[in-house]
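Quick notes on the structure that follows.
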Amino acid sequence: MRAGLLGFAFWVLPLFIPAFIPTSLAQDSKKEIQRYRQMIAEGSPAELFEVEGEALWKKPQGPDNVSLEKCDLGLGPGVLKGAYARLPRYFKDADRVMDLEARLLHCMTTLQGRTRESATARVFGSADRPSEMESLSAYIAAQSRGAKMAPGVSHPKEKEAYALGRALYFHRAGPWDFSCASCHGEEGKRIRMQDLPVLYKPEHARPVVASWPAYRVSNSQFITLQWRMNDCYRQMRMPEPNFGSETTVALITFLTVTGKGEPYRGPGNKR
Amino acid sequence: MRTSFFIFGVLAFPVLADPGANDIQKILQRDFHPRGQATMDRVVQDGLQRVCTDSGDKPPAEVAKALEADQMKSIAFPAGSLMGDWQRGEKIAQGGRGLTWNDRAGQPADGSCYNCHQLSDQELSYGTIGPSLRGFGKQRGDTPEMQRYVYGKIYNAKAYNACSQMPRLGASGTLTPEQIKDLVGLLLDPASPVNK
Chain A
6 MRAGLLGFAF WVLPLFIPAF IPTSLAQDSK KEIQRYRQMI AEGSPAELFE VEGEALWKKP
66 QGPDNVSLEK CDLGLGPGVL KGAYARLPRY FKDADRVMDL EARLLHCMTT LQGRTRESAT
126 ARVFGSADRP SEMESLSAYI AAQSRGAKMA PGVSHPKEKE AYALGRALYF HRAGPWDFSC
186 ASCHGEEGKR IRMQDLPVLY KPEHARPVVA SWPAYRVSNS QFITLQWRMN DCYRQMRMPE
246 PNFGSETTVA LITFLTVTGK GEPYRGPGNK R
Chain B
36 MRTSFFIFGV LAFPVLADPG ANDIQKILQR DFHPRGQATM DRVVQDGLQR VCTDSGDKPP
96 AEVAKALEAD QMKSIAFPAG SLMGDWQRGE KIAQGGRGLT WNDRAGQPAD GSCYNCHQLS
156 DQELSYGTIG PSLRGFGKQR GDTPEMQRYV YGKIYNAKAY NACSQMPRLG ASGTLTPEQI
216 KDLVGLLLDP ASPVNK
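Residue numbers (the working numbering), protein chains in the order written: chain A, 6 to 276; chain B, 36 to 231.
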């Protein structure tokens, strides 16, 4: 069978190269459609990422070959139920405010002994290959379904992160002079057909906070809030923010505190 | 200018507890890294960005006027007609590439116009951050003065409205004078779909 296939490839394929390329592309998209159908049939596409994330949470990794199961997301080592709904918050061991992804990165470096460089080598995935961080985010966020979003608001560093996030939101810079408010500053505005939430207003921030992270149907990707900050800065024509940095965490804190109070209903689907 | 300094002192007072624009800039310099053509000098605010940030995009009238006059100096108006080819202009208005860290440096950028403005009648996917420009030339004509206004506005929107949300597309080096002329054509040419 193998020899037969090889023989086919050797003798016959060169004759069909122009035809072969589109066929392979067609097969790729056919495979994609099959994958998509399977996901729809099995429920929300986000659930596939949750399953993958659970496996990664329990998988021993890094130089220390341990899993993330003892990672403390704020409610105690390994406690996942309701943990996402309480983020971002101040963590005494790191002496800073962390969102889910910054905290996961912290656990990867402290528990698993991975370097920051290796743990952040590929934080944002693609349609064919989601990232570890995205799958973990899906799994952990899902354990907060029904829990009221209640990020930290009382520690001085939490207040500081909120104030920094608010100031960043209105800070204009870059070759196009943009701030977050350039697009998300006035009600009823769109970019092309995309409606733009005014994220400093609680009524606009609440549904966002209650549904991220999410599966994005238009490009078959699971997207996180760190990705959202990153891609907004890209479109603002700015340099790239460091993953899990004080800047991105402060913006996510500002957003989450502004939109707190609604029960979490993600990870959901976005257009 | 002395008056404006005084007014800013007063304006800054209610937000004294929050980090100022200078603190933010230092944080951005620490928390960002260059990628592709998006180099770190981009996080350094110019005077206009600083004033707009500090005043919540509402500088006192005389400060705004001084900033606008200063921005006006950045515009080099080409000699002769400023009306380019509206068909090329439509392509520039449709495209959204340019200046991001995953755009290739040195490639021509687009205007991203439809992201924020309605222009041609047949393009239904348009943004609303900026005003609708449907029938722009039909209502205003295509006199040399109007061509000059449109050219200048696209080249540097801040020369007309200091804290406008519209990028300074010529002054920032995003679009070339030729491309801006083509956009003037798109807006003012009676044959352009904007004016049909």
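Note that the Cβ used here is the ideal one computed from N, Cα and C, for glycine as well.
Asked: Can you have a look at residue 99(B) and say buried or exposed, based on whether 16 or more other CB atoms are within 10 angstroms of its CB?; Found: buried
Asked: Considering only the beta carbon of each residue, do residue 226(A) and residue 130(A) sit closer than 8 Å?; Found: yes
Asked: Could you tell me which residues DSSP puts in a beta bridge with residue 137(B)?; Found: Partner(s): none; residue 137(B) has no beta bridge.
Asked: Does any residue of chain B bring its CB to less than 8 Å from the CB of residue 218(A)?; Found: no
Asked: Short of 9 Å Cβ to Cβ, which residues in the region 159-175 of chain A face chain B?; Found: 165, 168, 169, 171, 172, 173, 175
Asked: If I measure Cβ to Cβ from residue 135(A) and keep anything under 8 Å in the same chain, skipping five residues before and after, which residues do I get?; Found: 54, 57, 226, 227
Asked: Within 8 Å of any Cβ in chain A, is that where the Cβ of residue 152(B) sits?; Found: no
Asked: Does DSSP put residue 273(A) in a helix, in a strand, or in coil?; Found: strand
Asked: Please tell me whether residue 181(A) has its Cβ less than 8 Å away from any Cβ of chain B.; Found: yes
Asked: Take residue 50(B) and list the residues in its own chain whose beta-carbon comes closer than 7 Å to its own, dropping the five residues that flank it on each side.; Found: Bear in mind that a pLDDT of 44 at residue 50(B), under 50, signals an unreliable position, so the number given afterwards is only what the model happens to contain. Same-chain partners within the cutoff: there are none.
Asked: The beta strand (DSSP E) spanning residue 227(A) covers which residue range?; Found: 226-228
Asked: Against residue 194(A), what residues of chain B qualify as contacts under a CB-to-CB distance less than 9 Å, listed in chain order?; Found: 151, 162, 163, 164
Asked: Determine the direct distance from the alpha carbon of residue 210(B) to that of residue 93(B), and round the result to whole angstroms.; Found: 27 Å
Asked: Going by DSSP, which residues form a beta bridge with residue 196(A)?; Found: 199(A)
Asked: Can you list, in chain order, the residues of its chain whose CB lies under 8 Å from that of residue 183(B), leaving out five sequence neighbours each side?; Found: 112, 117
Asked: For the region 63-70 of chain B and the region 155-166 of chain B, state whether three or more C-beta atom pairs, one from each stretch, are separated by less than 8 Å.; Found: no
Asked: Distance, Cα to Cα, residue 227(B) vs residue 220(B)?; Found: 7 Å
Asked: Taking all protein chains shown into account, decide if residue 28(A) is buried (16 or more other Cβ within 10 angstroms of its Cβ) or exposed.; Found: Note on residue 28(A): pLDDT 47, under 50, position unreliable in the model; the coordinate value appears next. When all chains shown are included, residue 28(A) counts as exposed.
Asked: Can you pull the chain A residues whose beta carbon is under 8 Å from the beta carbon of residue 91(B), in chain order?; Found: 175
Asked: When we look at the beta-carbon of residue 194(A) and count the other beta-carbons within 10 Å, is it buried (16 or more) or exposed?; Found: buried
Asked: Under three-state DSSP, which class holds residue 129(A)?; Found: coil
Asked: Starting from residue 74(B), find everything on chain A with Cβ-Cβ shorter than 8 Å and list it in chain order.; Found: 244
Asked: Taking the beta carbon of residue 125(B) as the centre, do at least 16 other beta carbons fall within 10 Å, making it buried, or is it exposed?; Found: buried
Asked: Taking C-alpha atoms, which residue in 127(B), 110(B), 140(B) lies nearest to residue 217(B)?; Found: 127(B)
Asked: The beta strand (DSSP E) with residue 96(A) in it runs from where to where?; Found: 94-96
Asked: Give, in chain order, every unbroken run of the beta strand (DSSP E) that is at least 3 residues long and sits entirely within the region 210-247 of chain A.; Found: 219-221, 226-228
Asked: With a threshold of 8 Å between beta-carbons, can residue 197(A) be considered close to chain B, or not?; Found: yes
Asked: Would residue 110(A) and residue 89(A) qualify as a contact pair, given that the criterion is a beta-carbon distance under 8 Å?; Found: no
Asked: Between residue 71(A) and the rest of its own chain, which residues show a CB-CB distance below 7 Å, the 5 nearest in sequence each way excluded?; Found: 65, 116, 117
Asked: Cβ atoms of residue 93(A) and residue 214(A): under 8 Å apart, would you say?; Found: no
Asked: Could you check where the alpha helix (DSSP H) with residue 113(A) kicks off and where it finishes?; Found: 105-115
Asked: Are residue 164(B) and residue 173(A) closer than 8 Å when you measure CB to CB?; Found: no
Asked: Flag residue 188(A) as yes if its beta-carbon sits less than 8 Å from any beta-carbon of chain B, otherwise no.; Found: yes
Asked: Quick one: is residue 101(B) near chain A, going by C-beta distance under 8 Å?; Found: no
Asked: In the DSSP assignment, find the unbroken alpha helix (DSSP H) run with residue 188(A) in it and report its ends.; Found: 185-188
Asked: Can you give the beta carbon distance from residue 73(B) to residue 242(A), rounded, assuming they're within the 8 Å contact cut?; Found: 7 Å
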